[in-house]
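*Asks:* Residue 871 is where the sequence shown starts when you use my numbering, and the numbers rise one by one after that.
Here a beta-carbon is modelled for each residue, glycine too, at the ideal position from N, C-alpha and C.
Just passing along the structure, written as structure tokens.
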Amino acid sequence: MVTAAFQGIEGAHSDVALRTHFEARGDKVETVGVPTFREVAAAVVAGRARYGLLPIDNAIAGTFRDGYDLVAQYDLLPVREILWRMDHRLLGLPGSTLAAIRRIEAHPIVLEECGRFLATLAAARAIPAVDTGVAARDVAEGGDKTVAAIAPPQAAERYGLVELASNIADYPDNFTRFLLVEAPVWGQETTPDGTPRRTSLLFAARHEAGSLARILTLFADAKINLSKLESRPRPGKGWEYLFYADLDCDARDPDAARALERVRELCAEFRLLGSYDIASPRAESATRASERTSKGARDPSAGAGSPKAAADLPSSAKNWPKAARPSKPNGTVVRVRQVDVGGDGFIVAAGPCSVESRDQVIVTAQEVRARGAVLLRGGAFKPRTSPYAFQGLGWEGVELLAEAGRISGLPTVSEVMSVDQVERMARSVDVLQIGARNMQNFDLLKAVGKTTTPVLLKRGLSASLDELLAAAEYILSEGNPQVILCERGIRTFETATRNTLDLSAVPVLRERTHLPILVDPSHGVGVRRWIRPLARAAKAVGAHGILVEVHPNPSEAKSDAEQALTFADFEQIMDDLGQIPVYPS
Ligand code: PEP
Ligand code: MN
């Protein structure tokens, strides 16, 4: 029995497409419906389903960018394409007639696809539904004979409905192209079985005259047909474009691998999503099967799953396979709204240790933003050593932080201390912080792992790097790939500094994991004047950014006053680091 996740509920087109696909191959399938496409990806990564189904194209509506983006973001392995004809039928309750129908429910795109037919039913109103399965179920449960749904014929069987009309789409050849995806495993390679393959790619050409033409020439010279090329603006990078390309080739073919490698050199950004089997109706027209080889990695230059990369890891890496570098050789870039954490960039997150008042957090947000901070961090639930110390403003603090985020335009980060806070916190802020004291609160790690919100995971006070990576694994294994690690100092015999900032953690982590790493010199040293040199050191040693505490009036800070930077201190640090404000002030 194989399990496969799809977006929607039973009887939706995706569900029927999955069943048809597996049953035709003689496999028994259990389909798992989830509310969003992101949750399809998360279910596959978390192992709740072996396969996931993501749409990438529709013959009428065009590209579903979400499909491509989720494959890239969750580093999924496309296995094959499924081409599915969207066979739309009008379904009603037994006993109802076409003439009696007053309301028709369907997915908004489906309503558009059946526009001509709907125009012939002057008395019926079209009502958008979440998906075709939900529309059919609502009709069945509603018991109203004047209501009908547009859904696949299989939904009629499932919900006890009858067909009032068939062939109702404006264009009967209305195909959706889906990718069937799996979670990648180290060294995993699908074995070529003679089926023609297609390769999907996301790339941004360099901002130079002729760079796209050079890229296309490389494909032409390698006799690789482009079955699709489409562009869209790169998020957060005005007037730069990301191309979505499908190539009729297998990236493991040596000629194709060479061409792709040369293309990579011409690109500002390059993500090979993978090669997969082409859906059968078009299969005959594709590549040179004779030239295919089983050698080579999924990504020609990345060494995915190569034995060498794996050999550099300690044996304890078996406890954190999803966090280990080989599972994502190109590195994870965590996107927090418009901000990328990871990759080649260096970012600064700043804000008060505790949110204390509306003024304090809004002023801090604006001042740090003007100096180049890109994330606003403020605590509302504070883990304090003494129960008599200020514990934070709680939800009121979260609301104030969110307001400061809205006013300044900065995405927000705040600590979540218990499982019951996770859901509400995830709705209020952009990044969930797990504090050092909770690094091994496994229930909490699992709970944030079930969300789709990025997580900032701080290293525990006396946690080894192995334990930090195993903690990250808890989050990844629940299906949330967006984890940022944070070195914030550990307990040693030294008492001159609040903690000992373990900067050697950075190169070690960069080698062992694909997750981005921030350094928090504020908690690392605990003394204002020593934060500046350590911020520079963090950048020098290869961190993806720093996290620092800033307060309008440090002497009055209700927590961590000795380490709070003034705005002037913060400005000096930003100058040192060469960080420039990215938002107009
Ligand atoms: C904090 O970031 O304010 C904090 C409490 O940090 P840590 O969990 O690293 O002590
Ligand atoms: Mn603090």
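The ligand PEP and Gly841: does the residue's C-beta get closer than 7 Å to at least one heavy atom of that ligand?
*Replies:* Residue 841 falls outside the range modelled here, since the chain spans only 871 to 1455, and no answer is possible.
*Asks:* Between Leu1246, Gln1442, Ala882, which lies nearest to Gln1024 when the distance is taken from Cα to Cα?
*Replies:* Translated into positions along the sequence shown, residue 1024 becomes position 154. The shortest C-alpha to C-alpha distance from Gln1024 to any of Leu1246, Gln1442, Ala882 is the one to Ala882.
*Asks:* Would you decide whether Ile1345 is buried or exposed? Buried here means 16 or more other CB atoms lie within 10 Å of its CB.
*Replies:* One-based indexing of the sequence shown puts residue 1345 at position 475. Classification for Ile1345: buried.
*Asks:* If you count every other CB in all the chains shown that lies within 10 Å of the CB of Ala1430, and 16 or more means buried, which is it?
*Replies:* For the purposes of this step, residue 1430 is taken as the residue at position 560 of the sequence shown. Ala is not the amino acid found at residue 1430; the sequence shown has Asp there. Label assigned to Asp1430: buried.
*Asks:* With a cut-off of 8 Å, do at least 3 Cβ pairs link the segment 1183–1199 to the segment 1380–1389?
*Replies:* yes
*Asks:* Return the first residue and the last residue of the beta strand (DSSP E) that Arg1141 is part of.
*Replies:* Here residue 1141 corresponds to residue number 271 of the sequence shown, with the count starting at 1. Note, Arg1141: beta strand (DSSP E), 1137–1147.
*Asks:* Tell me whether Gly962 is buried or exposed, calling it buried when 16 or more other Cβ atoms sit within 10 Å of its Cβ.
*Replies:* Taking the sequence shown and counting its residues from 1, one reaches residue 962 at position 92. Residue environment analysis places Gly962 among the buried positions, since at least 16 neighbouring C-beta atoms fall within 10 angstroms of its C-beta.
*Asks:* Which two residues bound the contiguous beta strand (DSSP E) that contains Phe1045?
*Replies:* Your numbering for residue 1045 matches position 175 in the sequence shown. If you look at Phe1045, you'll find it in the beta strand (DSSP E) that goes 1045–1052.
*Asks:* State yes or no: is the C-beta of Ile1222 nearer than 7 Å to some heavy atom of the ligand PEP?
*Replies:* Counted from its first residue, the sequence shown places residue 1222 at position 352. Reading the sequence as shown, one finds Pro at residue 1222 and not Ile. No, Cβ of Pro1222 sits at least 7 Å from all heavy atoms of the ligand PEP.
*Asks:* Can you list, in chain order, the stretches of the beta strand (DSSP E) that have 3 or more residues and sit fully within the segment 1256–1318?
*Replies:* Counting only runs of 3 or more, we get 1282–1285, 1301–1304.
*Asks:* For Val980, which of Ala1296, Thr1002, Asn1369, Arg1047 has the nearest alpha-carbon?
*Replies:* Indexing the sequence shown from 1 puts residue 980 at position 110. Ranked by how close their Cα comes to the Cα of Val980, the residues Ala1296, Thr1002, Asn1369, Arg1047 have Thr1002 in first place.
*Asks:* Is Lys1428 near the ligand PEP, in the sense that its beta carbon is under 7 Å from a heavy atom of that ligand?
*Replies:* Numbered from its first residue, the sequence shown carries residue 1428 at position 558. Lys1428 Cβ: outside cutoff for every heavy atom of the ligand PEP.
*Asks:* Is Ala994 closer than 8 Å to Ile974 when the C-beta atoms are compared?
*Replies:* In the sequence shown, residue 974 corresponds to position 104, counting from 1. In the sequence shown, residue 994 corresponds to position 124, counting from 1. In contact: Ile974 and Ala994 (Cβ atoms closer than 8 Å).
*Asks:* State the Cα-Cα distance for the pair Val1301 and Arg1141, rounded to the nearest angstrom.
*Replies:* Within the sequence shown, numbered from 1, the residue matching residue 1301 stands at position 431. Within the sequence shown, numbered from 1, the residue matching residue 1141 stands at position 271. Looking at the two C-alpha atoms, the distance is approximately 25 Å.
*Asks:* Could you work out which residue in Phe1363, Ala1006, Asp1390 is closest to Ala852 when comparing CA atoms only?
*Replies:* Beyond the ends of the chain as shown, which are 871 and 1455, falls residue 852; an answer cannot be given.
*Asks:* By the DSSP assignment, the alpha helix (DSSP H) with Ala1219 in it spans what residues?
*Replies:* Taking the sequence shown and counting its residues from 1, one reaches residue 1219 at position 349. No alpha helix (DSSP H) holds Ala1219; the beta strand (DSSP E) holding it covers 1217–1221.
*Asks:* For Ser1334, count neighbouring C-beta atoms within 10 Å of its own C-beta (all shown protein chains included) and say buried if the count is 16 or more, exposed if not.
*Replies:* Looking up residue 1334 in the sequence shown gives position 464. Counting Cβ neighbours within 10 Å, Ser1334 comes out exposed, since fewer than 16 surround it.
*Asks:* Would you please state the rounded distance, in angstroms, between the beta carbons of Leu940 and Ala911? I believe it to be under 8 Å.
*Replies:* Within the sequence shown, numbered from 1, the residue matching residue 940 stands at position 70. Within the sequence shown, numbered from 1, the residue matching residue 911 stands at position 41. About 4 Å separates the two Cβ atoms, so the contact holds.
*Asks:* With a CB to CB cut of under 6 Å and the five nearest residues on each side skipped, what residues in its chain are close to Ala1092?
*Replies:* Within the sequence shown, residue 1092 is the residue found at index 222, counting from 1. Result list for Ala1092: Asp1125, Ala1129, in chain order.
*Asks:* Across the segment 1423–1441 and the segment 1395–1409, are there enough close Cβ pairs to call them in contact, namely three or more that are closer than 8 Å?
*Replies:* yes
*Asks:* Measuring straight from C-alpha to C-alpha, what distance separates Arg955 and Trp1109?
*Replies:* Within the sequence shown, numbered from 1, the residue matching residue 955 stands at position 85. Within the sequence shown, numbered from 1, the residue matching residue 1109 stands at position 239. C-alpha separation (whole angstroms): 36 Å.
*Asks:* Does the ligand PEP have a heavy atom nearer than 7 Å to the CB of Pro1191?
*Replies:* For the purposes of this step, residue 1191 is taken as residue 321 along the sequence shown, with counting starting at 1. Distances from the CB of Pro1191 to the heavy atoms of the ligand PEP are all 7 Å or more.
*Asks:* Rounded C-beta distance between Leu1280 and Gly1248? I'm assuming under 8 Å.
*Replies:* Within the sequence shown, the letter at position 410 stands for residue 1280. Within the sequence shown, the letter at position 378 stands for residue 1248. Contact doesn't hold; Cβ gap of about 10 Å is too wide.
*Asks:* What are the boundary residues of the beta strand (DSSP E) that Leu968 is part of?
*Replies:* As a working mapping, residue 968 is identified with position 98 in the sequence shown. Run containing Leu968: none; DSSP gives neither H nor E here.
*Asks:* Determine the contact status of Val872 and Tyr921, defining contact as a CB-CB distance below 8 Å.
*Replies:* Position 2 of the sequence shown, counting from 1, holds the residue named residue 872. Position 51 of the sequence shown, counting from 1, holds the residue named residue 921. The answer is yes: Cβ separation under 8 Å.
*Asks:* Flag this pair as touching only if the segment 1130–1140 and the segment 941–948 have three or more C-beta atom pairs under 8 Å; answer yes or no.
*Replies:* no
*Asks:* Please report how far the alpha carbon of Ala1035 lies from the alpha carbon of Leu960, in whole angstroms.
*Replies:* Counted from its first residue, the sequence shown places residue 1035 at position 165. Counted from its first residue, the sequence shown places residue 960 at position 90. Spanning the two alpha carbons is a distance of roughly 5 Å.
*Asks:* Considering only heavy atoms of the ligand MN, does any lie closer than 7 Å to the CB of Glu1419?
*Replies:* In the sequence shown, counting from the first residue as 1, residue 1419 sits at position 549. Distances between the C-beta of Glu1419 and the heavy atoms of the ligand MN include at least one below 7 Å.
*Asks:* Whole angstroms are fine: how far does the CA of Phe1045 sit from the CA of Lys1028?
*Replies:* Within the sequence shown, the letter at position 158 stands for residue 1028. Within the sequence shown, the letter at position 175 stands for residue 1045. In the sequence under discussion, the amino acid at residue 1028 is Arg, which differs from the Lys named in the question. Near 23 Å, if we compare the C-alpha coordinates of Phe1045 and Arg1028.
*Asks:* Just list the residues that DSSP pairs Lys1098 with in beta bridges.
*Replies:* The residue you call residue 1098 lines up with position 228 of the sequence shown. Its beta-bridge partners are Asp1116.
*Asks:* Apart from the five residues on each side of it in sequence, which residues of its chain come closer than 8 Å, Cβ to Cβ, to Ile971?
*Replies:* Working through the sequence shown from its first residue, we reach residue 971 at position 101. Correct list, in chain order: Leu960, Gly962, Leu991, Ala993, Ala994, Thr1016, Val1017, Ala1018, Leu1034.
*Asks:* Taking just the CA atoms, how far does Thr1365 sit from Val1286?
*Replies:* On the sequence shown, residue 1286 is found 416 positions in, with the first residue counted as 1. On the sequence shown, residue 1365 is found 495 positions in, with the first residue counted as 1. So the alpha carbons of these two residues sit roughly 28 Å apart.
*Asks:* Using the beta-carbon count (16 or more within 10 Å), is Pro1257 buried or exposed?
*Replies:* For this step, residue 1257 is matched to residue 387 along the sequence shown. With fewer than 16 other Cβ atoms inside 10 Å of its own Cβ, Pro1257 counts as exposed.
*Asks:* Of all the options Phe1113, Arg1132, Ala1127, Ser1284, which has the alpha carbon lying nearest to the alpha carbon of Arg1084?
*Replies:* To locate residue 1084, count along the sequence shown from 1; it is residue 214. Nearest C-alpha to Arg1084: Arg1132.
*Asks:* Around the Cβ of Gly1215, are there at least 16 other Cβ atoms within 10 angstroms (buried) or fewer (exposed)?
*Replies:* Locating residue 1215 in the sequence shown gives position 345, counting from the first residue. Gly1215 counts as exposed, since fewer than 16 other C-beta atoms from the protein chains shown sit within 10 angstroms of its C-beta.
*Asks:* Based on DSSP bridge pairs, tell me the residues matched to Asn928.
*Replies:* Indexing the sequence shown from 1 puts residue 928 at position 58. BP columns for Asn928 point to Gly932, Thr1046.
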